[in-house]
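See below for the structure under consideration.
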Amino acid sequence: MKKAIVLLSLLVLALVHADTTKVYKDLSLQDAIKIAKKQNLEIEIAKFDEDVAKLGLKVARGYSFGKLDATLMGLRSNDAGNVFGFKLQSREATFRDFGFSDFLSGVGGAIGQSDGDFATFAKMMGDPQMAKQLLSLAPKDLNYPKARTHFDTKFTFMIPIYTGWKLKSYRDIARKMVDMAKYDREKVVAEKLFQIQKAYYDISLLDNFKKDLLKIKINMQELENTTREMRKEGYAKKSDLLEIKSKLANINRMVKQTEANLELSYEFLSFLLNAEVKSIRHVPLDAPNYRISLKEALQRNLDVKKAKKGLEIQEKMVDIAKSAFHPTIGAFAEYGSADDKIFNEFKDHDRYTYGVRLSYNLFNGGSDYAKVEQEKLKRLKVLKQVELAKKGIALKFKKIQTQIKNLDAQVESLQAEVELSKEIFNTYLAQYEEGLASINDVMIKEALQLEKLLKLQQAQTQRNEKILELAKLTYGEIE
């Protein structure tokens, strides 16, 4: 049901975005394949996925070049700690900000009381009571500063120096994910080529079947005229004529069904090319055998390639898990300036900080070791999946080859049977005209001829489909 909904959605998109300015007539299979590779919507979607993967690689590479941030912060506060910090950061702090004005007032009072006598002043300052009084004085400028606006501008650069090969492993994984997206796109292309080639062979077979039906129809019309004349002479019955008309109606029904299937095949081909196709250049009714060895098939199969690439990715995941046993080293540098006005006296108030940071996990409860073992087990699992993919494709390859051999024999046999049925029908038709056979015998032979034609068309369709499946299995195009 989901596949049907997706197919219907793509069909609607194709009808909306189809190149209606271009109508293709007498279109060859090779040209149709070229058009589909450029215009098919599913191939375009797969290309987007591949482009996304390529950007993911750029993201992974970017982490190795570090990170530079610019920060502009605007603040206003009357909090004592904040205001004092603002002034220190702006390099504008004074002794007044420390509360020295109140302290100096106390000292000035002591000097006044000593009448300028230094010995008296020294004695007063050495008095514990006086010292306690001065030290207990609450500095108003420090505790209750005026609100201050603060603008802080800084540039921070951080770069990893050593990560235990973790970043390199991530880059390798991102690179392999690009390959995986490429295989996915190629798989979509292979599926579309299969569908396009199948449509061409189906249309060619349907057109040929229609021609055969029309020939039989002409023969039956001639028989109808002959029977009508024979009835006038008393050599045929009314039931003979009715039986012929019944067979003609059946043939007309089959012709209409064939035409409807042709129209549907053209609609599907137009959908695949995202453009309107009116007629095609017919291909041979029997697709040529696709010759390829099992070894080459396994080398070219996209599912096997994806499985191998998945194994390579899992091996990198093991390396990432192992990086936990290595130290991480990074460097940073910061440069900035602060003032109560934005960008004011930037150089006079500037500052810098730089350094290196090393982090080395010494104990983690054994979880890092467990993670490494976990990834190793996953690698073994993927390795088995690669083997399974190879054996599955090999089995499918051999099965299709066997089916093709059986269908080759069926087609060859049915072609002979069709020729024989035609000869038998013509013989009985001549005997009927001479009064040596009944109309019932002629109709039986006509029905046999139609039956053989239908079986031949079905066998040829199945054979062509299997050959195309073999080509799709190895991402190949039949000539």
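Position 471 of the sequence shown, counting from 1, maps to 553 under our numbering, and the rest follow consecutively. The beta carbon of each residue, even a glycine, is placed where N, CA and C say it ideally should be.
With contacts defined as CB atoms closer than 8 Å, leucine 393 and valine 337 fail to qualify as a contacting pair. With respect to glycine 412, isoleucine 243 sits close: the two C-beta atoms are nearer than 8 Å. The three-state secondary structure of isoleucine 424, taken from DSSP, is coil. Alanine 498 and leucine 538 have their C-alpha atoms some 10 Å from each other. Across the set Leu351, Gln381 and Lys458, the C-alpha of Lys458 shows the shortest separation from the C-alpha of glutamate 397. In the DSSP assignment, tyrosine 417 is bridged to Phe237 and Tyr434. For valine 365, the secondary structure class from DSSP, reduced to helix, strand or coil, is coil.
Note that the region 277-295 does not touch the region 421-437; fewer than 3 beta-carbon pairs, one per stretch, sit closer than 8 Å. In the DSSP secondary-structure assignment, tyrosine 244 is bridged to Ile411. For the pair lysine 169 and serine 146, the Cα-to-Cα distance works out to about 37 Å.
No residue range can be given for aspartate 161, since it is assigned to no alpha helix (DSSP H) and is classified by DSSP as neither H nor E. Separation of the CB atoms of alanine 357 and lysine 104 is rounded to 6 Å, and the pair is thereby assigned contact status at 8 Å. The alpha-carbon separation between tryptophan 247 and leucine 470 amounts to approximately 31 Å.
Annotation: alanine 357 is outside any alpha helix (DSSP H); the continuous beta strand (DSSP E) that includes it extends over 357-359. Sequence-distant partners of proline 366 (beyond 5 residues in either direction) whose C-beta falls short of 8 Å from its own C-beta, in its chain, are Ser286.
Per the C-alpha coordinates, the member of Ala272, Phe445, Leu150 and Asp234 positioned closest to alanine 118 is Ala272. In the three-state DSSP reduction, tyrosine 451 falls in the helix class (H, G or I). Less than 8 Å divides the Cβ of arginine 382 from the Cβ of tyrosine 557. In the structure shown, the three-state DSSP call for tyrosine 226 is coil. In the DSSP assignment, arginine 545 falls within the alpha helix (DSSP H) that extends over 521-555. In the three-state reduction of the DSSP assignment, serine 110 falls in the coil class. By a beta-carbon distance limit of 8 Å, aspartate 401 does not contact serine 172. Their separation comes to about 48 Å. Counted as a single uninterrupted DSSP element, the stretch harbouring glutamate 516 is not any alpha helix (DSSP H), since DSSP gives it neither H nor E.
Spatial neighbours of leucine 275 in its own chain (CB-CB distance under 8 Å, excluding positions within 5 residues in sequence) are listed in chain order as Ile115, Ala118, Ala553, Lys554 and Glu559. Within the same chain, Cβ atoms closer than 6 Å to the Cβ of leucine 330 are found at Met302, the five residues on either side in sequence being excluded. Secondary structure note for glutamate 124: its alpha helix (DSSP H) is the uninterrupted segment 123-144. When Cβ pairs closer than 8 Å are counted between the two stretches, the region 252-270 is seen to touch the region 130-139, the count reaching three or more. In this chain, alanine 318 is not harboured by any alpha helix (DSSP H), its DSSP state being neither H nor E.
Shown here, threonine 231 sits in a strand according to DSSP, grouped into three states. When the alpha-carbon of alanine 406 is set against those of Gly448, Val500, Asp523 and Lys487, the nearest one is in Gly448. Here the region 517-534 does not lie against the region 341-357, with fewer than 3 beta-carbon pairs under 8 Å apart.
The shortest C-alpha to C-alpha distance from glutamate 126 to any of Val524, Val270, Asn522 and Ala379 is the one to Val270.
Sorting Ile549, Lys228 and Ile326 by C-alpha distance to the C-alpha of serine 159 places Lys228 at the top. In the DSSP assignment, alanine 152 is bridged to Phe237.
Between lysine 548 and glutamine 485, the alpha-carbon positions lie close to 7 Å from each other. When rounded, the separation of the alpha-carbon atoms in lysine 120 and threonine 543 is 28 Å.
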